[in-house]
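Single-structure report; data block below.
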Amino acid sequence: MSYRQARWDEPPLWEVAREPSLEAPPPIPGVPEGFRRRSAVRWPELSEPAIVRHYTRLSQMNFGIDSGPYPLGSCTMKYNPKVSELLARRPGAAQMHPRQPEATAQGSLEIMYRLERILAKVTGLPEVSLQPAAGAHGEYVALLMIRAYHRDRGELDRRTEVLVPDTAHGTNPASAAMAGFTTREIRSVDGCVHLPALKEALSDRTACFMLTNPNTAGLFESEILEIAEAVHAAGAMLYYDGANLNAILGITSPGRMGFDVAHLNLHKTFATPHGGGGPGAGVLAANETLAPYLPVPRVVRSGRRYRLDYDRPKSIGKVKLAYGNFGLDLRAYAFALAHGEDGLRHVARRSVLNSNYMASRLGKLLPRPFRSLVKHEFVLSGAPLKERGVRTIDLAKRLLDEGVHAPTVYFPSLVEESLMIELPETESKRDLDAFGDAIERALADTPENLRRAPRSLSVGRIDEVRAAREPVLSWKDQRAAGRNVERPAPLPEGHESASAQDLRRA
Amino acid sequence: METGKIPPELKYTKSHEWVKIEGSIATVGITDHAQSELTDIVFVDLPSAGKSFDAGASVAVLESVKTVADVYAPASCRVTEANPELKTHPEYVNQDPYGKGWLFRCELTGDLTAVLIGPDDYKRLVESPA
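Top to bottom, those sequences are chains B and H. Reading the first sequence from the start, the letters are residues 15 to 520 in our numbering. Reading the second sequence from the start, the letters are residues 606 to 735 in our numbering.
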C-alpha cells in the first residue's frame, strides 16, 4: 500500500465560524422599505484563507477522476478535459440567460444546433433534443413519447407493458414505472437477450423493449437485427439506453441497429463532468416516427439565423427549465470537435482494446462468465473468494487502499458476487497495468486485511447497514447524533507512517 | 456453495422462498441461503392484508445493502397477514429467516404442489453451479 489519503479532523464551518453579527446590513439605496432585511442573514463568518483551507482539506480527503482511475462499469468515467471547463466558464457561455432574446443568443443556439447534428450522425437517428437533464430523465421522456405515439394510434389502453432484459440498468424498469407502464423481465442466455424468450413475451400489450447494446455484461447483442424485427412486428418501439455508447462510437449506431429512440449520456461518452461533478445531460435522438413527439422547444435554423421552435403540435411539451444543461452541451461539442469523426471511432476502438487487455489479465485471477471477447467493459465473479471468507465488497474496499476507485460491484445481478470493470480510452497502458497490479496485491492480501479495508483513507469501512437504517442526512442531524466518523483500523506493524493529521500535530 | 440451513419439514421454491402449509394457510419467508446471498437487509416492503396475487407475482420486496430482491407468490393467494415486526426489525430476516423473519401468511387460492420442491431437491438446487 503506497497510497495515503489525507486525514483531517475537519469540523463543519458552522462550528469554527465566528457568531454571525445579528445587525441588519445597511440598506441598499433604491430598495423599497418593505423589501429590506430587518435582520442579518445567518451565514458562518470566516476569513477567505480559512474558507479556502477548509475546502482544500476536504478535497484532500476526496477521490475523483483527477485523482486516479475510476473503473466503474457502465458508468464510463472519463477524465474531463480542462479546455472544456475553460470554454464553459467564458462569460459568453456562463453568463447567458435562458430568457434572453434569441437575437442575442445566436452563438449558443448555433452550438446547440451543431451539436444536435453531430449527435444525429453518431446515433444514426435524424432528430435530437438536448433537453433532458440526465440519463434516467432521458429514459423517462422517451417513454412519455412512446406513450403519446401509442395514444395517437388508439392503442395506449392495450399497450401497457415495457419489456426489459435481466441485464438492464435499474433505471430502465424504474423509468417505465414512472411513465405508467408495467415491466416484464426477459431472461438472458450467456449474457445476451434470449430471442425466443423475447418473442414469447412480445404481444399487442407491449409498448416498448428497452435495451443497452453493448449490454452491461460488455457483450454486443449480435441478434440485434432479429430483436428489432421481432419488436417492430409486434407493433412495439425499440429503445436504446446509451449508457454503453462509448463502445460503438463511429462504428455502428442505434439507428443502424433498428432502434427508434435513444438517450445518450454526454457525461459519459462525451467526457462532461459526471456524478458529484454533474449535472448530467441525457440527450434524446429519435427516428422519423417518434421525432414529432420530442420535447419543445426545438432549435431550428432559418437561413443564417437560429431560433427556438415551439410549434410542434404532437410534442409531449417541455420537460426541463430552460433548454437543457447548456454548459454540458458546450463541453460535449468541444469534445466532439476536438476528436472529429475518426477520433470518435478511435475512442471506441481504444476503449474496447483497454477492456479486452484488462479482461485477459484479470481473467487469470478470477472467473469471467460468458464469452471471452468483450466490448468496453467486462464482468468478473468474486465467488471463489467466499472460500477464504471474503466477498467482492471486501476486495472493492481493499482496492481503495491502492489509490484506485473500486469497480461497480454486485451488478449485473445475474453473475454471483460480480465486479464490472470499465477503463475507458482515457486510461493509458500504464494505468491499466497499475490497476492490474493493484487487484493482484489486493487478492494476495490476507482475508483479515481484506475484511478490514480500507485503512489508508480518511475514513474506514462505512457501516452501510446503519447508514441505510438510520440515515443522517444533514450536518444538524449529524451534530445531534454526535460526530461518528468511522476511523480506519490501525495499520499493522511496519506499515505505520505519518498521516496528514500526524504531520499537523508535529 | 454454502447451502445454509434447510429445515426438512418445510417446502421450497426455486426462487429461494420457504413455504409452511397449515391447512389452507401458507406462511412464506426466504431461505437461509437467500438471506446470506442478499447480505444485510435494511428494508422490507410487505403487502397489506387482503391483497390478492397471481402465482409468480411479486408480493414483497427486500432491500439489502447489496441489492433489491422480489419475493414471489408461490401460488395464487390472498394475503392474510404480514410480519409486523419487520418494519422496525428488517434484520430478523437475516438473523432468523425461518422464525422471527417470516414475511407473510396467505390463503391459497391456487395449486401449490406444482411449484414446490422438497428440502433435498432445494439443497441440490443451491449446490449446483449457477
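Virtual Cβ for every residue (Gly too), placed ideally from N, Cα, C. Computed from a prediction, not measured in an experiment: that's the story for all the values here.
The straight-line gap separating the alpha-carbon atoms of residue 312/B and residue 175/B is approximately 29 Å. Residue contact with chain B for residue 671/H: present (Cβ-Cβ distance below 8 Å to some residue of chain B). Annotation: the segment 108-153 of chain B contains the following complete segments of the beta strand (DSSP E) (minimum length 3 residues), in chain order: 141-143. As the crow flies, the alpha-carbon of residue 647/H is around 9 Å from that of residue 478/B. Approximately 6 Å separates the beta-carbon atoms of residue 252/B and residue 272/B; this is inside 8 Å, confirming the contact.
Cβ-Cβ distances below 6 Å link residue 664/H to 652, 658, 676, 678 in the same chain, with the five nearest sequence neighbours on each side left out; the list follows chain order.
Contact between the segment 313-326 of chain B and the segment 95-106 of chain B is not established, with fewer than three Cβ pairs separated by less than 8 Å.
Counted as a single uninterrupted DSSP element, the beta strand (DSSP E) harbouring residue 393/B occupies residues 392-395. The segment 356-370 of chain B and the segment 430-447 of chain B touch, with no fewer than 3 CB-CB distances between them shorter than 8 Å. The Cβ atoms of residue 78/B and residue 434/B do not sit closer than 8 Å to each other. Sixteen is the threshold: when 16 or more other Cβ atoms of the shown chains lie within 10 Å of the Cβ of residue 179/B, as they do, the residue is buried. Taking residue 358/B as the centre and dropping the five residues before and after it, the same chain places the C-beta of 263, 264 closer than 6 Å to its C-beta, in chain order. Of all residues in the segment 228-249 of chain B, none places a beta-carbon less than 8 Å from a beta-carbon of chain H. With a 10 Å radius around the Cβ and a threshold of 16 neighbouring Cβ atoms, residue 239/B comes out exposed. Linking residue 249/B to residue 309/B through their CA atoms gives a straight-line distance of about 23 Å.
In the DSSP assignment, residue 300/B falls within the unbroken beta strand (DSSP E) covering 296-300. In this structure, residue 660/H lies near residue 715/H, with their beta-carbon atoms less than 8 Å apart. Taking 8 Å as the upper bound for CB-CB distance, residue 223/B and residue 245/B are in contact here, some 5 Å apart. Identification of chain B residues near residue 647/H by a Cβ-Cβ cut-off of 7 Å yields 479, 482, 483, ordered along the chain. Taking 7 Å as the cut-off between beta carbons, the residues of the segment 418-437 of chain B near chain H are 424, 427, 430, in sequence order. Taken through DSSP and simplified to helix, strand or coil, residue 338/B comes out as strand. For the set 99/B, 237/B, 259/B, 119/B, the Cα lying nearest the Cα of residue 213/B is the one of 237/B.
DSSP, reduced to helix, strand and coil, places residue 90/B outside both helices and strands of the structure shown, so it counts as coil.
Per DSSP, residue 725/H has no beta-bridge partner at all.
Classified as buried, residue 282/B has 16 or more neighbouring CB atoms from the shown chains inside 10 Å of its CB. Assignment of residue 693/H by DSSP, reduced to helix, strand and coil, places it in the coil class. Residue 616/H sits in a strand when the DSSP states are folded into three classes. Under the three-state reduction of DSSP, residue 223/B is assigned to strand. Across the set 334/B, 396/B, 111/B, the C-alpha of 396/B shows the shortest separation from the C-alpha of residue 428/B.
Within its own chain, the residues whose Cβ lies closer than 7 Å to the Cβ of residue 621/H, once the five positions on either side in sequence are excluded, are 635, 636, 638, 639, listed in chain order. Per DSSP, the continuous beta strand (DSSP E) segment holding residue 434/B begins and ends at 432-435. Just measuring C-alpha positions, the residue of 210/B, 196/B, 45/B sitting nearest residue 662/H is 196/B.
Here residue 350/B has 132 as same chain residues with Cβ atoms under 6 Å from its own Cβ, once five neighbours each way along the sequence are excluded.
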